[in-house]
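Numbering (mature numbering (1 follows the signal peptide of the UniProt record, and there is no 0)), first residue to last: -25 to -1, 1 to 175. This report concerns only the one structure given below.
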């Protein structure tokens, strides 16, 4: 499978929206080892690993199919951040983790955890809209817009969770319809009611 195909599938699952850094990371691959240092240290501490895995599990919980923890999405997120994202995105992610740690996210009840994540989602949406407006104004004025804030934490962790899950073996084979050795190509196949989407 080609990376572009996988990205297109994940973008489709997410409603067609992936942030530019995620698309670049996925299409261009790893960055050089000479990147500038960030406030995010690798490997993650045990607490950070637990926190990232728990947030991913809330985004994709275990049901009759494996959840994000079963697919080792936390490890995927750490690897992607370390090897494929710029310092500004790593710093944004680090700030989000610190915010969750201050709120004692891991000790909170499931209802409170969901409430916190919904607040972060609303905040990320507002930040993205504000950034889009600023970019539009700069473009209309004929100026180049540079965003040094990085992708908002919740948007980044949600994108990486979905990307990691649906490109993992459990996600592709158990949560999606999967054909291990495809036969002839059928470009237009009707889905039966209740059928899962096809894996890449």
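For each residue, glycine too, the CB sits at the ideal point set by N, CA and C.
Restricted to the segment 64 to 117, not a single beta strand (DSSP E) segment is unbroken, complete and at least 3 residues in length. Our two residues, residue 131 and residue 68, have alpha carbons roughly 7 angstroms apart in a direct line.
With fewer than 16 other beta carbons inside 10 angstroms of its own, residue 154 counts as exposed.
Around the beta carbon of residue 109, fewer than 16 other beta carbons lie within 10 angstroms, which makes this residue exposed. Residue pairing for residue 134: DSSP places it in no beta bridge.
The beta carbon of residue 46 lies closer than 7 angstroms to those of 139, 140, 143, 145 and 146 in the same chain, with the five residues before and after it left out.
The C-beta distance from residue 31 to residue 43 rounds to 4 angstroms, short enough to fall under 8 angstroms. Per DSSP, residue 57 is one residue of the alpha helix (DSSP H) stretching across 48 to 59. Residue 152 carries a strand assignment under DSSP once its states are collapsed to helix, strand and coil.
Our two residues, residue 28 and residue 115, have alpha carbons roughly 41 angstroms apart in a direct line.
Nearest C-alpha to residue 52 among 170, 33, 79 and 135: 135. Taking residue 125 as reference, the option from 105, 113, 111 and 112 with the minimal CA-CA separation is 105.
Taking the C-beta atoms as reference points, residue 34 is found no nearer than 8 angstroms to residue 171.
Using a Cβ distance threshold of 8 angstroms, residue 129 and residue 81 do not count as a contacting pair.
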